[in-house]
Amino acid sequence: MSWRARIEPAVRPILQSWWRLSRGTTLGVRAIVTDRDGRVALVRHTYVHGWYLPGGGVERGEPVREALRRELAEEAGVEVTGPADLLGIYSNHASFRGDHVVLFAVRDWRVCPTDHAGEIEAVDWFHPDDLPHGTSPATLRRLREYAGTANPSDEW
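Following the working numbering, the numbering of the sequence shown begins with 17 at its first residue and continues without gaps.
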């Protein structure tokens, strides 16, 4: 196991706290990435429990769609090859006042090499009707909205 894989899970929460204190607003991206069988990609992080839609933080000066492409490649080994459709912009004030998440749908993609050592414990594909135990509440809400079985919300 590399030094990054051993150190990053311990350091990441400290860095996230610093970023939140040093920035008035934070912005993240997530995606509902589906395959031809209608399954959705979910990731399990090393530093937080549960299954989540892949994504992450937008770096200062980075366009949102570029952040989406970077994060999907890093976390899920997904290279976006077609349009990424904007689904919504959500406030995530329950986690941090000033945090926002931009959600996209990605249908056109291919597998690419990834280096998620230390950050991602698992990547898997699940049918929306058979999601794994521990799927995050926000992920469940977004997938229900996407399927049209729940009313849209502005809160992540």
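Backbone N, C-alpha and C fix where the C-beta goes; we use that ideal spot for every residue, glycine too.
- Item | Contacts around H61, its chain only, beta-carbon distance under 8 Å, and the 5 residues preceding and following it disregarded | The count along the sequence shown starts at 1 and reaches residue 61 at position 45. Once the five neighbours on either side are set aside, the close Cβ partners of H61 are Y68, E135, I136, E137.
task: Return the bridge partner residues of H61 from the DSSP annotation.
output: Against the sequence shown, residue 61 aligns to sequence position 45. Bridge partners of H61: I136.
Quiz item: How is the beta strand (DSSP E) around R126 delimited, first residue to last?
Solution: Indexing the sequence shown from 1 puts residue 126 at position 110. Segment 125 to 127, the beta strand (DSSP E) holding R126.
D146 to P99 span [Cα, whole Å] | The residue you call residue 146 lines up with position 130 of the sequence shown. The residue you call residue 99 lines up with position 83 of the sequence shown. Distance between the alpha carbons of D146 and P99: 27 Å.
Inset, instruction - Express the C-alpha separation of T42 and P129 in angstroms, rounding to a whole number. - result: Sequence index remark: in the sequence shown, residue 129 carries index 113 (1-based). Sequence index remark: in the sequence shown, residue 42 carries index 26 (1-based). Answer to the nearest angstrom: the Cα atoms are 28 Å apart.
- prompt: At what residue ranges does the region 43 to 95 contain a whole run of the alpha helix (DSSP H), taking only runs of 4 or more?
  reply: 80 to 92
Discussion item. Judging by CA-CA distance, which residue of N108, I48, H132 is the nearest neighbour of Y162?
Written reply: Mapped onto the sequence shown, residue 162 falls at position 146. Taking only the C-alpha atoms, the option nearest Y162 is I48.
- request: Output the distance between the C-alpha atoms of G71 and F112, rounded to the nearest integer angstrom.
  value: For the purposes of this step, residue 71 is taken as residue 55 along the sequence shown, with counting starting at 1. For the purposes of this step, residue 112 is taken as residue 96 along the sequence shown, with counting starting at 1. Cα-Cα distance, rounded: 17 Å.
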